[in-house]
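Have a look at the structure below before the remarks.
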Amino acid sequence: MSGFFFAFLTALLASLGARDQLLVAQMALRQGPRPGLLAVGVLATALTCAGAAWLATTLTEQVPGSGAKMIFAGIALVLAGGEAVLLGARKPPEEPTRSLFAALVVIAAQQVTDAVRFMVVALALLTASPVTAGIGAFAAGTASLTTAWIAPEVMAHPAMATLRRMAGAFLTIAGLVLVWRGIP
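Counted from 1, the sequence shown has number 108 at position 108 by the UniProt record's numbering; the numbering is strictly sequential.
Put into structure tokens, the structure is as follows:
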């Protein structure tokens, strides 16, 4: 159960101002709060969290020793922090499509390499419970996208980019500490 709570809280932190959250907010501002948009965002979150949990399961079985798992988890957190710091907000699409399939593809593509999925891998390695880490990240991702869908003007605010960079710096430092502790 600790994997769920850690994943939920850290995924909420990492999803502040994330690209997928910002895209849903931008589309909700332009098109209104379409329930289908939220549904495809939640579906994309489910698919990408399940993929991250599967990868973490594979790594948990393949990586021997707690030191090596800590190093891999640290690397995943450094990647999460780097993504949060370097890949910031984009301008709203000029003519966003109303196609829900296109929205699903774009949201899923952004989520595959975002900080939350890297964190699922890190937490799954640290807690040895990839399924609960994936479920916690899914719950946080759903809450994040629902917030962007309900209050898009808040999520599209420029201050979110600063919060995102701060979260990214925190994740990077935490990852470096884990790598340092994992070195024999």
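No residue lacks a Cβ here, since even glycine has one placed at the ideal position from N, Cα and C. The structure displayed is predicted, hence computed values, not measured ones.
Spatial neighbours of A39 in its chain, beta-carbon cut-off 8 Å, leaving aside the 5 residues before and after:
Cβ neighbours of A39 beyond the five flanking positions: L100.
6 Å Cβ shell around M155 - same chain, five flanking residues per side excluded:
So the list reads Q21, A25, A148, once near-sequence residues are dropped.
Is the beta carbon of M166 closer than 8 Å to that of T10?
Not a contact, by the Cβ cut-off of 8 Å.
Around the Cβ of A80, are there at least 16 other Cβ atoms within 10 angstroms (buried) or fewer (exposed)?
With 16 or more other CB atoms across the displayed protein chains lying within 10 angstroms of its CB, A80 is buried.
Helix, strand or coil for P35 per DSSP?
P35: helix per DSSP, three-state reduction.
Could you work out which residue in A102, T45, A137, V177 is closest to L12 when comparing CA atoms only?
Residue nearest to L12 within the set A102, T45, A137, V177 is A137 (criterion: CA-CA distance).
Suppose contacts are defined by Cβ-Cβ distances below 8 Å. Is A115 in contact with G168 by that definition?
Cβ atoms of A115 and G168: closer than 8 Å.
Are the CB atoms of A73 and L125 nearer to each other than 8 Å?
In this structure, L125 lies closer than 8 Å to A73 by Cβ.
From which residue to which residue does the alpha helix (DSSP H) around V78 run?
Note, V78: alpha helix (DSSP H), 66 to 86.
Identify, in the order they occur along the chain, each residue of the same chain with its Cβ nearer than 7 Å to the Cβ of L163, setting aside the five sequence neighbours on each side.
The residues are L16, G17.
Classify A102: buried if its beta carbon has 16 or more other beta carbons within 10 angstroms, exposed otherwise.
By the 10 Å Cβ count, A102 comes out exposed.
In whole angstroms, give me the CA-to-CA distance for W180 and I173.
Take the alpha-carbon of W180 and the one of I173: they are about 11 Å apart.
Less than 8 Å between the C-beta atoms of A68 and V121, yes or no?
No, Cβ-Cβ distance for A68 and V121 is not below 8 Å.
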